[in-house]
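Numbering (the numbering used here), first residue to last: 6 to 166.
Here is the structure:
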């Protein structure tokens with residue numbers, strides 16, 4: 006009887022194991038609808054994010070402090086931002102896609118630019134407009150990726166999060 010009780014307890018313990026369910030979920034990157042950005046970036050946040058976007062590395066705190074002082078000393082924040090963006094674009098260290106990539110893979114360039122600057126995918130209307138705009142300017146040798154990046158960096162949407 007004692008052996009029977011032990012076997013019964015072992016069978017009961019062994020049958021209590023729960024199998025983990027397999028759901029078969031595929032991970033998909035999700036980009037939010039960030040069209041309702043309403044919190045303005047501070048000067049330091051804006052230039053820290055901008056520098057990281059353009060140079061693919063963080064900027065030093067000393068450089069951010071210097072830029073913040075310049076921003077505070079001037080009344081026209083938009084003018085200073087555009088001047089700093091222009092200086093960044095003229096740097097040999099800025100990481101830009103090639104003109105060939107922009108014109109040969111225009112749709113990919115537009116989507117990647119939106120993700121890089123606005124942290125969202127473009128709407129179909131935005132994507133169509135930019136693709137058509139880039140295609141219309143393919144023959145213009147002065148139309149380069151830095152012009153598109155400058156427009157994105159100076160946009161109202163980029164000033165907010």
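In this text, a Cβ means the ideal position worked out from N, Cα and C, and glycines have one as well.
Please read these numbers as outputs of a predicted model, since none were measured by experiment.
Relative to the C-alpha of residue i, which candidate in the options has its C-alpha closest?
i	options	result
residue 101	110, 88, 135, 61	61
residue 106	135, 10, 149, 32	149
residue 159	99, 32, 55, 145	55
residue 57	94, 80, 104	94
residue 103	32, 53, 143, 50	143
residue 88	155, 65, 32, 12	155
residue 98	121, 8, 7, 64	64
residue 4	130, 51, 72, 157	This structure cannot settle anything about residue 4, because the visible part of the chain is limited to 6 through 166.
Whole angstroms are fine: how far does the CA of residue j sit from the CA of residue i?
i	j	result
residue 82	residue 26	56 Å
residue 108	residue 117	14 Å
residue 85	residue 136	30 Å
residue 91	residue 29	48 Å
residue 76	residue 67	14 Å
residue 41	residue 32	26 Å
residue 80	residue 74	12 Å
residue 146	residue 69	34 Å
residue 152	residue 133	18 Å
residue 71	residue 96	17 Å
residue 131	residue 140	14 Å
Run through the DSSP bridge pairs and tell me what residue i is partnered with.
i	result
residue 165	45
Length-filtered (3 minimum) beta strand (DSSP E) runs lying within the region 84-160: Within the region 84-160, no complete beta strand (DSSP E) run reaches 3 residues.
Could you check whether the region 45-53 touches the region 153-166, counting it as contact only if at least three pairs of C-beta atoms, one from each stretch, sit closer than 8 Å? Touching, yes.
Kindly provide the ranges of any alpha helix (DSSP H) runs that are 4 or more residues long and lie completely inside the region 46-74, ordered along the chain. Runs found: 48-60.
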